[in-house]
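Structure first, commentary second.
There are 2 protein chains.
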Amino acid sequence: MPDRLGPPRDTPLFERITLIGLGLIGSSIARAARHLKLAGTLVAADASPEVTARVRELGLADIATTDAAAAVSGADLVILCVPVGAYGAVAEAIAPQLKSGAIVSDVGSVKGAAFAQLAPHIPAGVHLVPAHPVAGTEHSGPDAGFATLFIDRWSILTPPEDADPAAVNAVRSFWRALGSNVEVMTAQHHDLVLAITSHVPHLIAYNIVGTAADLEEVTQSEVIKFSAGGFRDFTRIAASDPTMWRDVFLNNKEAVLEMLGRFNEDLAALQRAIRWGDGQALFDLFTRTRAIRRNIIAVGQETAEPDFGRRRGGDGDGQ
Amino acid sequence: MPDRLGPPRDTPLFERITLIGLGLIGSSIARAARHLKLAGTLVAADASPEVTARVRELGLADIATTDAAAAVSGADLVILCVPVGAYGAVAEAIAPQLKSGAIVSDVGSVKGAAFAQLAPHIPAGVHLVPAHPVAGTEHSGPDAGFATLFIDRWSILTPPEDADPAAVNAVRSFWRALGSNVEVMTAQHHDLVLAITSHVPHLIAYNIVGTAADLEEVTQSEVIKFSAGGFRDFTRIAASDPTMWRDVFLNNKEAVLEMLGRFNEDLAALQRAIRWGDGQALFDLFTRTRAIRRNIIAVGQETAEPDFGRRRGGDGDGQ
Numbered sequence: 001m002p003d004r005l006g007p008p009r010d011t012p013l014f015e016r017i018t019l020i021g022l023g024l025i026g027s028s029i030a031r032a033a034r035h036l037k038l039a040g041t042l043v044a045a046d047a048s049p050e051v052t053a054r055v056r057e058l059g060l061a062d063i064a065t066t067d068a069a070a071a072v073s074g075a076d077l078v079i080l081c082v083p084v085g086a087y088g089a090v091a092e093a094i095a096p097q098l099k100s101g102a103i104v105s106d107v108g109s110v111k112g113a114a115f116a117q118l119a120p121h122i123p124a125g126v127h128l129v130p131a132h133p134v135a136g137t138e139h140s141g142p143d144a145g146f147a148t149l150f151i152d153r154w155s156i157l158t159p160p161e162d163a164d165p166a167a168v169n170a171v172r173s174f175w176r177a178l179g180s181n182v183e184v185m186t187a188q189h190h191d192l193v194l195a196i197t198s199h200v201p202h203l204i205a206y207n208i209v210g211t212a213a214d215l216e217e218v219t220q221s222e223v224i225k226f227s228a229g230g231f232r233d234f235t236r237i238a239a240s241d242p243t244m245w246r247d248v249f250l251n252n253k254e255a256v257l258e259m260l261g262r263f264n265e266d267l268a269a270l271q272r273a274i275r276w277g278d279g280q281a282l283f284d285l286f287t288r289t290r291a292i293r294r295n296i297i298a299v300g301q302e303t304a305e306p307d308f309g310r311r312r313g314g315d316g317d318g319q
Numbered sequence: 001m002p003d004r005l006g007p008p009r010d011t012p013l014f015e016r017i018t019l020i021g022l023g024l025i026g027s028s029i030a031r032a033a034r035h036l037k038l039a040g041t042l043v044a045a046d047a048s049p050e051v052t053a054r055v056r057e058l059g060l061a062d063i064a065t066t067d068a069a070a071a072v073s074g075a076d077l078v079i080l081c082v083p084v085g086a087y088g089a090v091a092e093a094i095a096p097q098l099k100s101g102a103i104v105s106d107v108g109s110v111k112g113a114a115f116a117q118l119a120p121h122i123p124a125g126v127h128l129v130p131a132h133p134v135a136g137t138e139h140s141g142p143d144a145g146f147a148t149l150f151i152d153r154w155s156i157l158t159p160p161e162d163a164d165p166a167a168v169n170a171v172r173s174f175w176r177a178l179g180s181n182v183e184v185m186t187a188q189h190h191d192l193v194l195a196i197t198s199h200v201p202h203l204i205a206y207n208i209v210g211t212a213a214d215l216e217e218v219t220q221s222e223v224i225k226f227s228a229g230g231f232r233d234f235t236r237i238a239a240s241d242p243t244m245w246r247d248v249f250l251n252n253k254e255a256v257l258e259m260l261g262r263f264n265e266d267l268a269a270l271q272r273a274i275r276w277g278d279g280q281a282l283f284d285l286f287t288r289t290r291a292i293r294r295n296i297i298a299v300g301q302e303t304a305e306p307d308f309g310r311r312r313g314g315d316g317d318g319q
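If you're matching them up, the sequences are chains A and B in order. Those letters in the first sequence? Residues 1 to 319, by full-length UniProt numbering. Those letters in the second sequence? Residues 1 to 319, by full-length UniProt numbering.
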């Protein structure tokens with residue numbers, strides 16, 4: 001698998017690309033797009049003057065502005081990289097400036113709500129092709145991004161049924177250029193798949209870190225010291241951006257509650273097995289889950305190094 | 001922090017050390033003890049002829065045998081590195097061969113049950129000093145171990161109240177020599193601390209991987225493809241040794257059920273916040289949990305690199 005981006009293109013994929021929101025994802029796209037020369041002109045808009053100043057310092061775009069409406073003027077591709085809760089306001093602000101034939105996309109983790117919030121504002125003649133690169137880290141902000149973030153990860157496109165195939169292909173080419181694999185599915189199916197592979201895992205990680213923090217019999221210092229026993233891995237996930245994740249849960253309520261219901265049922269069964277000393281039930285589940293790990297490594301979504309190849313090749317989940 | 005073990009000792013810490021069970025932990029101790037020359041003679045016992053053959057091939061000990069009773073004869077320090085469920089049988093087998101003044105220790109993840117199962121078999125004049133190095137990876141077996149596994153990790157000693165201070169100090173010196181920090185606490189407190197920092201995290205990781213595997217609307221292939229959204233980290237934990245973990249849950253039932261009860265209460269509150277759209281409650285928790293992550297990094301129990309410094313410096317918890 002390539003660990004690096006390819007060489008810069010001779011001709012850009014889009015004459016003008018505008019990124020709105022230069023956090024981890026937006027700034028990673030900017031870095032990769034600049035390196036690969038995917039845009040004739042790359043425009044960065046962020047509501048925060050501190051962020052736009054930093055974007056200029058880092059040289060992440062040709063133009064950096066706090067004015068999203070001005071930023072999309074003349075753009076062929078506009079990508080929203082802001083929390084889903086801000087979509088409606090951003091879409092309303094930029095709509096009058098979108099040129100005919102422009103493509104509007106995003107990188108949000110929920111796709112039903114993304115479409116619902118964007119679609120009413122998109123003028124006729126503008127193509128809406130929502131997307132979600134399944135990639136990230138626990139860090140936030142324009143300094144956290146890096147150009148190789150999307151390599152060998154999956155980007156999911158959720159175009160509406162009547163989407164223009166040429167526009168869908170253009171977005172597909174964009175994500176392929178960043179090194180991603182691309183899959184197309186409905187927004188509804190996306191939200192179900194991500195509820196179990198991403199949203200519920202984040203929720204229970206946030207939850208157990210909160211539970212541990214509230215214990216009166218175990219000190220915080222003990223929780224931190226002995227975190228190598230497994231807890232540590234949850235804290236990484238539970239360090240992800242609070243605003244983004246609040247918006248994920250508020251905007252994928254139905255699928256998250258459905259998956260959480262199943263998780264709770266299964267956990268109740270495990271709890272019962274522990275209470276009644278049913279070792280066979282525990283052993284059977286623990287054996288079955290090992291196989292899934294092997295498959296994830298086999299398809300290249302993970303390293304086989306112990307403990308993710310942490311310092312010294314392994315100091316992880318403890319016993 | 002040292003990433004390497006120090007130089008070999010001029011005089012061993014113990015004349016004769018016997019390790020029983022040469023899996024991940026036992027073979028890591030063997031590698032480190034050999035490198036550091038902590039033992040005049042290092043004896044390895046494992047019930048599996050395949051494992052003892054492999055121990056010989058890897059040169060992990062001076063003597064490798066399937067006969068635990070013979071192996072402890074003349075030993076100054078005996079360390080059980082087998083699943084907790086096997087303690088009673090092993091202790092009964094070795095008891096007649098333990099020499100007066102010997103120290104018996106272990107590496108098990110539950111300490112109340114460890115003591116309860118070992119103590120009845122320990123002859124007068126032999127010192128029982130249970131221990132738990134909070135370190136490990138998701139891999140098992142004699143090939144999975146490595147000498148630096150315990151460096152900068154914590155080893156917890158849980159000697160009974162009437163333990164011989166010299167014996168406790170000897171075990172402490174042993175773990176310090178392997179690079180560990182050492183803390184002493186009661187078995188009961190250990191089991192409570194580890195229930196929240198290790199046992200419940202493992203249980204919910206096993207559980208969610210099982211829940212995902214059983215979904216009918218989402219294919220296994222989708223779960224695996226899009227695992228970079230957070231799920232992947234849980235699969236690593238859920239790939240840990242099934243026998244060992246079955247025994248942990250059967251032998252730390254009370255503390256695990258207590259912590260699981262708290263986890264469930266907190267999760268119910270989060271579930272309710274999602275259902276009723278209480279974004280502030282979600283945001284407040286997600287902000288609070290970030291601080292705990294920072295503390296874990298600050299005390300050196302984790303790397304600050306995004307996504308544990310996976311390949312390309314980050315491809316992790318997704319959005």
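Glycine included, C-beta positions come from ideal geometry on N, C-alpha and C. These figures come from a predicted structure and were not determined experimentally.
- When 8 angstroms is used as the limit between beta carbons, residue 222 (chain A) is near these residues of chain B: 193, 197, in chain order.
- Residue environment: residue 241 (chain B) is assigned as buried (16 or more neighbouring CB atoms within 10 Å of its CB, all protein chains considered).
- When 7 angstroms is used as the limit between beta carbons, residue 245 (chain B) is near these residues of chain A: 286, in chain order.
- Close to residue 301 (chain B), with beta-carbon spacing below 8 angstroms, are these residues of chain A in chain order: 224, 225, 227, 228, 232.
- Within the segment 123-187 of chain A, complete beta strand (DSSP E) segments of at least 3 residues are found at 131-134, 154-157, 181-184, given in chain order.
- Excluding sequence positions up to five before and after residue 138 (chain B), its CB lies within less than 6 angstroms of the CB of 236, 239, 240, all in the same chain and listed in chain order.
- Per DSSP, residue 16 (chain A) is not a residue of any alpha helix (DSSP H); the beta strand (DSSP E) it occupies stretches across 14-20.
- Residue ranges of uninterrupted alpha helix (DSSP H) with 4 or more members, entirely inside the segment 205-285 of chain B and ordered along the chain, are 220-225, 231-237, 242-251, 253-275.
- Counting only residues of its own chain and dropping the five nearest sequence neighbours on each side, residue 302 (chain B) has a CB closer than 6 angstroms to the CB of 296.
- A straight line joining the alpha-carbon of residue 85 (chain B) with that of residue 248 (chain B) spans about 8 angstroms.
- Listed in chain order, the non-local C-beta contacts of residue 88 (chain B) below 6 angstroms within the same chain comprise 117, local neighbours out to five positions each way being set aside.
- Within the segment 26-56 of chain A, the complete beta strand (DSSP E) runs of at least 3 residues fall at 39-45.
- Interface residue (Cβ-Cβ distance to chain B less than 8 angstroms): residue 87 (chain A) is not classified as such.
- For the segment 269-293 of chain A, residues whose beta-carbon sits nearer than 7 angstroms to a beta-carbon of chain B comprise 270, 271, 274, 275, 277, 279, 282, 283, 285, 286, 287, 288, 289, 290, 292, 293.
- The contact set of residue 213 (chain A) on chain B, defined by CB atoms closer than 9 angstroms, consists of 288, 289, 291, 292 in chain order.
- Exclusion of the five residues before and after residue 159 (chain B) leaves 129, 168 as the residues of its chain whose Cβ lies within less than 6 angstroms of its Cβ.
- For residue 140 (chain A), the closest C-alpha among the options A:82, A:92, A:162, A:132 is that of A:82.
- The Cβ atoms of residue 194 (chain A) and residue 226 (chain B) lie closer than 8 angstroms to each other.
- With a threshold of 8 angstroms between beta carbons, residue 216 (chain A) makes no contact with chain B.
- Separation of residue 170 (chain B) and residue 97 (chain B) (C-alpha to C-alpha, rounded to the nearest whole angstrom) is 21 angstroms.
- Closer than 8 angstroms to the CB of residue 174 (chain A) there is not a single CB belonging to chain B.
- Below the 8 angstroms Cβ cutoff, chain B contributes 289, 292, 293, 296, 302 as neighbours of residue 235 (chain A), in chain order.
- Within chain A, no residue has its beta carbon less than 7 angstroms from that of residue 106 (chain B); the closest one is some 11 angstroms off.
- CA-to-CA, the gap between residue 52 (chain B) and residue 45 (chain B) works out to about 7 angstroms.
- Residue 42 (chain A) places its beta carbon 8 angstroms or farther from that of residue 31 (chain A).
- Residue 94 (chain B) places its beta carbon less than 8 angstroms from that of residue 72 (chain B).
- Taking a cut-off of 8 angstroms on C-beta distances, the segment 184-198 of chain B touches the segment 251-267 of chain B, as three or more cross pairs fall below it.
- Inclusion of residue 80 (chain B) and residue 177 (chain B) in the CB contact set at 8 angstroms is not warranted, their separation being larger than that value.
- In terms of beta-carbon proximity, residue 111 (chain A) stays away from the interface with chain B, with every pair separated by 8 angstroms or more.
- The way I'd put it, the segment 144-158 of chain B doesn't touch the segment 119-128 of chain B; fewer than three beta-carbon pairs between them come closer than 8 angstroms.
- Annotation: Cβ neighbours of residue 263 (chain B) in chain A (cutoff 7 angstroms, chain order): 207, 208, 211.
- Note that the C-beta distance between residue 22 (chain A) and residue 133 (chain A) is not below 8 angstroms.
- Taken through DSSP and simplified to helix, strand or coil, residue 299 (chain A) comes out as coil.
- Near chain B, meaning a CB-to-CB distance below 8 angstroms, no residue of the segment 32-48 of chain A qualifies.
- Closest by C-alpha distance to residue 153 (chain B), out of B:180, B:165, B:186, B:190, is B:180.
- Assignment of residue 191 (chain A) by DSSP, reduced to helix, strand and coil, places it in the helix class.
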